[in-house]
Amino acid sequence: MPYTHSGDGTSLYYERHGSSGPAILFVHGSGGHHAAWWQQVAALREEFTVLTVDLRGFGKSDSSMPEFDGQDFPGDVVAVLDQEDITDAMLVGQSIGSVAALRAGLARPERVSSVVLGHSLGGISHPELKELAAADRAEAVKLPVIDRLLTKEFQTGRADLTFLFQQMGTFNVAKMADLRNLDTNGPSLDDIVASGVRVAFLAGEKDAVLSVKTVTRAHELLPGSHLEIVEGAPHSMYWETPQRYNAAVAELRRTLTAPKEAV
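Under the working numbering, the sequence shown has 37 at position 40, and the numbering climbs by one with no breaks.
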C-alpha cells in the first residue's frame, strides 16, 4: 500500500480500495488509524473509491516528531488528495478527524465537494456552539472513556469487538492528551459557506460526547448544511452500528454530489 508526504516532508501511510466510483476519504479519530475502517471498506468499496489514511503519529505514518500539533493534520489529508489527484472527494471525519477533514476541505475546495462531520462540530469557531460543546464535554468526562464511545449493551454483548476496539489505539504513538491546537483558529460559518464545500453533520442518538441538541443547533446555524441523526447509535457509530453508519455515509455520498455554486 502507498505512502505519500505532507508539505513538511512527513511520511504518511494511506490505502485506496475500489477501482471506480465517487471517492470517500475517511479520517480517523484519536483512537483510530486506517484499519479502524475495516467495516466501512468492505461494505463500500464496490460502489465507491474508498480511501483511508493514518494521520501523523498514528498507525504506520511517521510518529517520530516530539509533539503532535492538530494544525498539521489537515495537511496530511490534503497530501493524500494531491497524491491521488482526486477532484470530487467526500471527506468523512470521526470525532477529531472531522476537524482535520473540514480544514482540508476548505484548503482544497477544488478537490473536495463535501465534508461529513462525524460526531463533531469540526472545530467551527462560533461562540454559541463552543459553549454548547463545552457543556457536553463537561458531562462526558464524568464517564469512563469506554462508556463515552460505546454503549454498555454493546460492551456486554460484544466483548470481542469491544476488546478489539480498545486494542486499536495501542498501535498509535499519539494519544488524545498529546494533541495540541485541535480547535485553534477554527473556520467561521461564513468561511464554510464561502468555500462552496457542502457540509453534513452525522451524529448518533446515543452519543455521550456530543449531544444531538448541540449538533442540531450547528446544523441550524450553518446555511445549506445537512443533518443525519442515526437512531440508537453511540459516539463510535462506525464501530458499533456499522450497517447503519455505512448506509448513512453511502446515501450522503450519493446525495451531496450537486455541483458547488460559484463563489
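A virtual CB, placed ideally from N, CA and C, is assigned to each residue, including glycine.
Query: Assuming L99 contacts L114 under a Cβ cut-off of 8 Å, what Cβ separation, rounded to an integer in Å, is found between them?; Result: 6 Å
Query: To test your reading of the DSSP string, which unbroken beta strand (DSSP E) runs of 3 or more residues are found completely within the stretch 76 to 124?; Result: 86 to 91 and 109 to 115
Query: Helix, strand or coil: how does DSSP classify V47 here?; Result: strand
Query: Indicate the three-state DSSP secondary structure (helix, strand or coil) for D66 in the structure shown.; Result: strand
Query: Straight-line CA distance for A20 to V96?; Result: 19 Å
Query: Determine the DSSP secondary structure at G72, reduced to helix, strand or coil.; Result: helix
Query: Helix or strand or just coil, what does DSSP make of T181?; Result: coil
Query: Could you name the residues that DSSP lists as bridge partners for G201?; Result: V227
Query: Compute the distance between the beta-carbons of T148 and K210, then report whether it is under 8 Å.; Result: no
Query: Going by other Cβ atoms of all chains shown within 10 Å of its Cβ, with 16 needed for buried, is L161 buried or exposed?; Result: exposed
Query: Could you tell me if L146 is buried or exposed, where buried requires 16 or more neighbouring beta carbons within 10 angstroms of its beta carbon?; Result: buried
Query: Taking all protein chains shown into account, decide if Q240 is buried (16 or more other Cβ within 10 angstroms of its Cβ) or exposed.; Result: exposed
Query: S17 by DSSP, collapsed to three states: which one?; Result: coil
Query: Is the stretch 43 to 53 in contact with the stretch 8 to 27, if contact means three or more CB pairs nearer than 8 Å?; Result: yes
Query: For Q68, which option in E43, Q163 and A101 has the closest C-alpha, if you only look at C-alpha atoms?; Result: A101
Query: Hey, would you say D73 sits closer than 8 Å to L140, going by beta carbons?; Result: no
Query: What does DSSP give as the partner residue(s) for Y242 in the beta ladder?; Result: DSSP, once it has assigned bridges, lists no residue as partnering Y242.
Query: Report all residues from its chain with a CB closer than 8 Å to the CB of P106; omit the five preceding and five following residues, and keep chain order.; Result: S192, G193, V194 and K257
Query: Excluding the 5 residues flanking V260 on each side, which residues of the same chain have their C-beta closer than 8 Å to its C-beta?; Result: Because the pLDDT at V260 is just 39, under 50, the model does not fix this residue reliably, and the value given afterwards should be weighed accordingly. Counting only Cβ-Cβ distances below 8 Å, and skipping sequence neighbours, we find A191, S192 and G193.
Query: Between L253 and the rest of its own chain, which residues show a CB-CB distance below 6 Å, the 5 nearest in sequence each way excluded?; Result: S111 and R195
Query: Are the C-beta atoms of P71 and some chain D residue less than 8 Å apart?; Result: Among the chains of the structure shown, chain D does not appear; only one protein chain is present.
Query: Look at the alpha carbon of H2 and the alpha carbon of P71, and state the distance between them as a whole number of angstroms.; Result: 13 Å
Query: Exposed or buried, what is N169 when buried is set at 16 or more other beta-carbons lying within 10 Å of its beta-carbon?; Result: buried
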